[in-house]
Structures are given as structure tokens and as C-alpha cells.
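J.:
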Amino acid sequence: MPTKPSILKRATVARSRLFRADEIHLRFSNGEERTYEKLCSGGPGAVLIVPLLDENTRLLVREYAAGLEDYHLALPKGAIDQGETLLAAANRELKEEVGYGAHKLQFLKRINLSPAYMEHGINVVIAWDLYPERLVGDEPEPIEVVPYPLSDLMQLIARADVCEGRSIAALFMVREWLAGNYQATEPVLDLSAQAEVARD
């Protein structure tokens, strides 16, 4: 592994309601110095959920993306609230955006959006053994839920309205996980016993 560069100076150069931009002056191990800018994260992070309605059906959502100024099809996602666990946030966002809760949740991997320029990452979570439950979220309009077979993954990513890299990466990861080719590093959170107690 190469030696990490030394941070000589760090300063915030811009700030908005959602973003903070920092300027970082670095000295590399060979003596070269460079100044970089990066977008910094705020809050505890975010989750992206892959809901498995059944063995072959994933639930996607169609919603407006301000960055594209258009609607697109992607996986449900959202911010982790202060004091909330990653998997609790995933289940809450699932209920808000898709209208389902999950008895079983599995953290797969944290992926970064653009490591050269951004600190932001998102935690990919698989959710299955679903049951109907809706929570009121912060969406400005109703979200359309779109079931899609995983067997048609290549056809899905060929669509013009499927362009979000995080969702595409997560769908491929889950396909490999289901095939036994990808091992998760953390245990499954199984809430089915709690559901049984609540019913009793």
C-alpha cells in the first residue's frame, strides 16, 4: 500500500443547505503538493434498499430527480436519521417510499459515489420477507412503485430512464448474492420473531 499524503491545510470554501465544499492541500510521499476540492457529507449517511418482493421480483420507484430535471427509475433510498441504525433507516425508507416493511434485512456494502471528489457514500441493504405497511415520508408527490424481474436485469439497465449508477451496481450485487457468489460480512437482521410477538 502506498503512503497516504499529508494534509497540510483544510478549509471550507462553500456551503449550502445540503452540501459543504472543502479545499484540501496535500503533500504526497514523493514531495509533490496538490490542492483538491471535495464535497463533504453531513449527517449519519444514507441507505439504498433492494426490496425482494419474491425470488425474482425487485421493487423500484419512479420519482423526479432534480439533477436530471426528469423522472427516473431507481431503487428506494434515503437519509439515516440521527440516532437511527442503518437497518432501521432502510426499513423506514422502504415503508415510506414503497409501502412495505421487511422482516429480514441484510447490509451488503457501502459504496462511494465519486471517491475522487466526494465523501458521500450509500449503504446497500437487501430487504425481503416483505409485508404491507406504509409510513408518511417527506416525498413531495406520490411515488410510483414498479415491480421488475431480476432475470431481465440487462434489459432494465438498457432503458433510458435507468441511469443511476448506485442502483445499477446494487442490482448486480444482489444478483450475485442470490446466486451465492457474493458473501455479506454482517449477519441478517431477522425481525420476524418480533412480528410474531406483536401479533400475539
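Here our numbering is used: the first residue of the sequence shown is 2, the next is one more, and so on.
Ideal placement from N, C-alpha and C gives every residue a C-beta, glycine not left out.
Are the beta-carbon atoms belonging to isoleucine 127 and alanine 47 less than 8 Å from one another?
T.: no
J.: Mark phenylalanine 20 as exposed unless 16 or more other C-beta atoms lie within 10 angstroms of its C-beta, in which case mark it buried.
T.: exposed
J.: What does the Cβ neighbour count give for asparagine 92, buried or exposed, with the cut at 16 atoms within 10 Å?
T.: buried
J.: Between the beta-carbon of glutamate 120 and the beta-carbon of lysine 39, is there less than 8 Å?
T.: yes
J.: In chain order, what residues of the same chain lie with their CB nearer than 6 Å to the CB of aspartate 162, ignoring the 5 residues before and after it?
T.: His73, Leu74
J.: Please list the segments of the beta strand (DSSP E) lying wholly inside the segment 83-145, counting only runs of 3 or more residues, in order along the chain.
T.: Whole beta strand (DSSP E) segments, 3+ residues: 101-113, 122-133.
J.: Kindly give me the distance between the Cβ atoms of proline 150 and threonine 58, rounded to whole angstroms, as I take these residues to be in contact under 8 Å.
T.: 6 Å
J.: Could you have a look at glutamate 34 and say whether DSSP puts it in helix, strand or coil?
T.: strand
J.: Note down, in chain order, each residue of its chain lying with its Cβ closer than 6 Å to the Cβ of alanine 12, except the 5 sequence neighbours on either side.
T.: Glu24
J.: Please state if the CB of lysine 96 and the CB of leucine 136 are separated by a distance shorter than 8 Å.
T.: Their beta carbons are under 8 Å apart, which means leucine 136 touches lysine 96 by this criterion.
J.: Determine the direct distance from the alpha carbon of leucine 114 to that of alanine 66, and round the result to whole angstroms.
T.: 16 Å
J.: Would you list the one or two residues that DSSP bridges to threonine 58?
T.: Pro150
J.: Taking just the CA atoms, how far does leucine 49 sit from alanine 172?
T.: The sequence shown places leucine at residue 172, rather than the alanine named in the question. Near 11 Å, if we compare the C-alpha coordinates of leucine 49 and leucine 172.
J.: For glutamate 145, which residues in the same chain have their Cβ closer than 6 Å to its Cβ, ignoring the five residues on either side in sequence?
T.: Arg63
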